[in-house]
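Comments concern the structure below.
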Amino acid sequence: MASAPLSSRTVLVTGATSGIGFETARQLSEQGATVLLHGRTPESARAAADRLVVTAGADPDRVCAYAADFARLDEVESLAHRIVTAHPRLDVLVNNAGMAAPERHTITADGNEIAFQVNFLAHYLLTCLLEPALTSDPGGRVVNVSSSLHRTASIQWSDPQRARRYSRLAAYAQSQLALTVFAADPRVAAVSVHPGVCETSLLPLYGHEGTAPAEGAAHVVRLCDPSVEIVNGAYYDRSERVDPAPAATEDRTVRRLNRLADPLVGRS
């Protein structure tokens, strides 16, 4: 039956209340997965979960709503604790939550440039904290929803918060490069995927028409399937595996990124 490939899988999707995230949750649910649906607020997460049940026919016993504002790292820590407690075995983590960098330089209460925190640092922290639950069985994995714009980026190692020179496009691209580099971290099996340019809130960054979010989500869902073998750190442009930016495959850059990120998220 169609649900067989994912019927035993538990998948957490961040940023699952709209766009590619919601469509990813919907398609995973249709294939029988237990979906942990994350939203920024309890109200938005619950509304998205109800929408899955009412309009997409999801099994209410296999949809769980969780909330955390990724602009607050204490909420990310609380989210990870709740998930590990309720779901000690997690098959797939889809790091999808994202935002366009604002026009004006914006710093979170944690002291980080907001796009760098929401798009990368929060996912870095969440992944590290969920590591005990992420299964090491074949098929267990992390799927980072990245962007082709990572190719235009550089990580400003001496000024990752871009306090000296800020550009919203450069800030967004830096966050996507960091997320793509993080996929090569050896602690968990992970890949990155550019789902294509879709009609979401991020479309203005790309400046042209996009496809339906469901099309982008299909590329994410494919990588959640345990029958799809992955190589740690691989990068996909939609369904095709291609080379990412050279920096994303360098062991030295992975180690350097960890050294940068750990103190920014409060890890020693």
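In this note's numbering, the protein residues as written are 81 to 348.
In this text, a Cβ means the ideal position worked out from N, Cα and C, and glycines have one as well.
By the criterion of a C-beta distance shorter than 8 Å, Ile194 is surrounded in its chain by Ala151, Met179, Ala181, Pro182, Thr186, Ile187 and Thr188, once the five residues flanking it on both sides are discounted. Annotated three-state conformation of Asn224 is strand, per DSSP.
CA-CA distance, Ser124 to Thr90, rounds to 21 Å.
Straight-line spacing of the CA atoms in Glu309 and Phe102 works out to 24 Å. Val322 is positioned such that its CB atom lies no closer than 9 Å to that of His299. The DSSP assignment places complete beta strand (DSSP E) segments of no fewer than 3 residues inside the segment 306 to 342 at 315 to 317 and 320 to 322, in order along the chain. Beta-bridge pairing by DSSP links His167 to no other residue. The segment 153 to 214 contains, as complete beta strand (DSSP E) runs of 3+ residues, the segments 172 to 175 (chain order). With fewer than 16 other beta carbons inside 10 angstroms of its own, Ser319 counts as exposed. For the alpha helix (DSSP H) assignment, the uninterrupted runs of no fewer than 4 residues enclosed by the segment 217 to 262 are, from N- to C-terminal side, 248 to 262.
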